[in-house]
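Position one of the sequence shown corresponds to residue 0 (numbering that gives the first Met the number 0), numbered consecutively onward. We treat Cβ as the ideally placed atom computed from N, Cα and C, and that holds for glycine. Structure first, commentary second.
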Amino acid sequence: MKELWSRHCRELVPYTPGEQPKDGHFIKLNTNENPYPPSPLAVKAIREALGDGALRLYPDPSCTVLRQAIAQELGVDPEQVFVGNGSDEVLSLAFSAFFEPDRPIRFADVTYSFYPVFADFYGIPYEEIPLDESFALPRAPFMEPCGGVVLANPNAPTGKEMDFCDLRAIVESCPDRVVLVDEAYIDFGARSAVELIGRYPNLLVVQTLSKGRSLAGLRVGFAVGNENLIAALNTVKDSFNSYPVDRLAQAGALGAIQDVEYFRCTVNKIMNTRSYAANELEHMGFYVCDSAANFLFVSHEKVSAKKLLDGLRERGILVRWWDKPRISNYLRITVGTEEDMKKLCATLRELIALHS
Ligand SMILES: Cc1ncc(COP(=O)(O)O)c(C=O)c1O
Numbered sequence: 000m001k002e003l004w005s006r007h008c009r010e011l012v013p014y015t016p017g018e019q020p021k022d023g024h025f026i027k028l029n030t031n032e033n034p035y036p037p038s039p040l041a042v043k044a045i046r047e048a049l050g051d052g053a054l055r056l057y058p059d060p061s062c063t064v065l066r067q068a069i070a071q072e073l074g075v076d077p078e079q080v081f082v083g084n085g086s087d088e089v090l091s092l093a094f095s096a097f098f099e100p101d102r103p104i105r106f107a108d109v110t111y112s113f114y115p116v117f118a119d120f121y122g123i124p125y126e127e128i129p130l131d132e133s134f135a136l137p138r139a140p141f142m143e144p145c146g147g148v149v150l151a152n153p154n155a156p157t158g159k160e161m162d163f164c165d166l167r168a169i170v171e172s173c174p175d176r177v178v179l180v181d182e183a184y185i186d187f188g189a190r191s192a193v194e195l196i197g198r199y200p201n202l203l204v205v206q207t208l209s210k211g212r213s214l215a216g217l218r219v220g221f222a223v224g225n226e227n228l229i230a231a232l233n234t235v236k237d238s239f240n241s242y243p244v245d246r247l248a249q250a251g252a253l254g255a256i257q258d259v260e261y262f263r264c265t266v267n268k269i270m271n272t273r274s275y276a277a278n279e280l281e282h283m284g285f286y287v288c289d290s291a292a293n294f295l296f297v298s299h300e301k302v303s304a305k306k307l308l309d310g311l312r313e314r315g316i317l318v319r320w321w322d323k324p325r326i327s328n329y330l331r332i333t334v335g336t337e338e339d340m341k342k343l344c345a346t347l348r349e350l351i352a353l354h355s
């Protein structure tokens, strides 16, 4: 069958997204979704956009009003903002806009597994730089000349926040290459690199409304950077799909960005639940990586991650596990509601008693 596929397509190894079960019987702690619903203002804005009959018209291709709201919220100019169909799309456009097939880029060996997929898709070579034993990022290899740098901060799947001075030093070290900082999880307490945008024309920060603003289903992400980088993203976007963000998404995202109070409240609840769950897990004999994200990366001293993954699934709880070097004895557990985390902890206690 693959004879009909292009040679390029035949060689692709796509990203495997976390499971989205068809029935609702699971406690879903496997894809870092927010356990709380989106802001009522977002839902109201979507309903209004649906009711006004305008869906027959194409959306604003440059998301003008939404960009203004994001810019105001982050203290940058609207010309320094680019909006796309989820941050995965924004990242993909950025790989195409800023990296070359003849200059290897660098990212960590343990990081978001979409980066090698994007790189392979565009034929961009890459070097995976090992994190240290505690999954901290060594800054020196990222300060050497290379075709570009991609950093997730906080990192995924570890949840670890980067040292801010290291981040700045990496951006500053080679002004001739773009440093892409993926801040998908920035809303849960880490320090954003957006404050550096004015000073470094080679810095692009990518964020999403999927996590902190509970809108994974709406697909809205954005980049913040120097006008020149934003112009490159628009050039690639308009060579691919001029209208990636539909009318409902633009309306809902605007409502969510404007509802700062709701955002702060839900994010705070998640951060409190994160501390509670981390503490409980440590008492059960887990090593819990310091997390500035809405998930915990954990490894048990006695029971293997795979056993716990399977046992949790049989008991209706989904978490994420990778059969990969260095991390195959770890689970990544999304922080759900306090009730979800109580059930998780009770089930883990049962499994640990069973297997140890
Ligand atoms: C590190 C990281 N970056 C980007 C994304 C993509 O998020 P979205 O496309 O929903 O904005 C994710 C999703 O889980 C992620 O973990």
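With contacts defined by Cβ atoms closer than 8 Å, Y184 and A41 do not form a contacting pair. For Y261, the enclosing alpha helix (DSSP H) begins and ends at 259 to 282. Note on geometry: alpha-carbon atoms of S172 and A139 lie some 10 Å from one another. Residue nearest to F187 within the set D289, Y242, P103 is D289 (criterion: CA-CA distance). The C-beta distance from V244 to G83 rounds to 7 Å, short enough to fall under 8 Å.
By a beta-carbon distance limit of 8 Å, P77 does not contact Y242. Their separation comes to about 19 Å. Using a C-beta cut-off of 8 Å, the stretch 40 to 56 makes no contact with the stretch 262 to 274, since fewer than three inter-stretch Cβ pairs fall below that distance.
Checking the 7 Å criterion, the Cβ of S86 is within range of a heavy atom belonging to ligand 1. Here P36 is actually not in contact with S274; their C-beta atoms are around 23 Å apart, not less than 8 Å. Under the three-state reduction of DSSP output, K323 falls in the coil class, being neither helix nor strand. The closest heavy atom of ligand 1 lies 7 Å or more from the beta carbon of A222. Remark: the shortest separation between the CB of A183 and any heavy atom of ligand 1 falls under 7 Å. By the CB criterion at 8 Å, L343 and I332 fall inside the cutoff. For S38, the shortest separation between its Cβ and any heavy atom of ligand 1 does not lie below 7 Å. Ligand 1 has a heavy atom closer than 7 Å to the beta-carbon of T207. The stretch 12 to 25 makes no contact with the stretch 221 to 236, as fewer than three CB pairs between them are under 8 Å.
With respect to the 8 Å criterion, L317 and N31 are not classified as neighbours on the basis of their beta carbons. Judged by the Cβ position, N33 fails to qualify as a neighbour of ligand 1 at the 7 Å threshold, every heavy atom of the ligand being at least this far.
Counting every other CB atom within 10 Å of its CB across the protein chains shown gives D181 a total of 16 or more, marking it as buried. Rounded to the nearest angstrom, the Cβ distance from I104 to C145 is 6 Å, consistent with a contact under 8 Å.
In the three-state scheme derived from DSSP, where H, G and I count as helix and E and B as strand, Q67 is classed as helix. Within a 10 Å sphere around the beta-carbon of Y121 sit fewer than 16 other beta-carbons, which makes this residue exposed. With a contact defined as Cβ atoms closer than 8 Å, A68 and L253 qualify at about 5 Å.
Take the alpha-carbon of R102 and the one of A345: they are about 50 Å apart.
In chain order, A304, K305, L308, L330 place their CB closer than 7 Å to the CB of W320, counting only its own chain and leaving out the 5 sequence neighbours on each side.
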